[in-house]
């Protein structure tokens, strides 16, 4: 009997969920990061403390929120505080162990762009903007990045540094509380910063993906680790928990429509 079938989004969420540990304080975003964090809470890390930007501390939603302002987050939270307190007391004071981020672009030193494509003065595309991402990138103990792997997203140099990784030359963490991106999880592979150069390096491939595919989807000459590993496929239990969460979410949102 073969491995259970899964989608690329599912393996991204499951691999990200495996990074969280019991007792960690995690700053969560909407979308795949929310899936990953809540999957961890419902499986491998039941005591992880989830914080959303809207001020919900220790929330345990039964369904995934549509936005950071979703009432489900407040109803299931241990504590609700103001947004300034989330940033000043929790994030910028070093009380957040791990933060999730995504963006339109990432470069070889883990810098993220969610501001503009093209020049800032005359952009080809104006993106949604920073939100709380710069503070997460700067102050969370570590950052997990989740991003689909294409040449449009993985560029040698981002058009604008919205959220700092390791700076334009790989040495830009001075003055930042957190240690920066610890892992980048894509639909093809896992990348981690080289301990010396801080350049993102492929350390793992998802099942069925080869190195050439990852390199062809990257806008720079991508480094590959010598001890490359293959991602453990999602288990039936992980898929069942994740799909159950998404099914409850779809049913709840349909009922509210």
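Residue numbers (the working numbering): 105 to 361.
Where is the CB? At the ideal position from N, CA and C, for every residue including glycine.
Nothing here was measured: the structure is a model prediction, and the numbers come from that model.
Would you check if the distance between the CB atom of residue i and the CB atom of residue j is smaller than 9 Å?
| i | j | result |
| --- | --- | --- |
| residue 286 | residue 202 | yes |
| residue 224 | residue 263 | yes |
| residue 205 | residue 240 | yes |
| residue 259 | residue 211 | yes |
| residue 116 | residue 320 | no |
| residue 143 | residue 351 | no |
| residue 227 | residue 218 | no |
| residue 147 | residue 345 | yes |
| residue 238 | residue 268 | yes |
I'd like to know whether the C-beta of residue i is nearer than 9 Å to at least one C-beta of chain C.
| i | result |
| --- | --- |
| residue 263 | Note that chain C does not occur in the displayed structure, where there is just one protein chain. |
With which residues is residue i paired in a DSSP beta bridge?
| i | result |
| --- | --- |
| residue 216 | 210 and 267 |
| residue 297 | 304 |
| residue 289 | 250 and 294 |
Look at the alpha carbon of residue i and the alpha carbon of residue j, and state the distance between them as a whole number of angstroms.
| i | j | result |
| --- | --- | --- |
| residue 359 | residue 353 | 10 Å |
| residue 126 | residue 189 | 24 Å |
| residue 214 | residue 178 | 32 Å |
| residue 317 | residue 181 | 42 Å |
| residue 311 | residue 108 | 12 Å |
| residue 216 | residue 253 | 14 Å |
| residue 280 | residue 114 | 32 Å |
| residue 208 | residue 274 | 20 Å |
| residue 135 | residue 243 | 22 Å |
| residue 302 | residue 282 | 14 Å |
| residue 151 | residue 129 | 9 Å |
| residue 157 | residue 133 | 8 Å |
Nearest CA to the CA of residue i: which residue from the options?
| i | options | result |
| --- | --- | --- |
| residue 245 | 294, 195 and 327 | 195 |
| residue 323 | 120, 257 and 293 | 257 |
| residue 289 | 185, 221, 347 and 304 | 304 |
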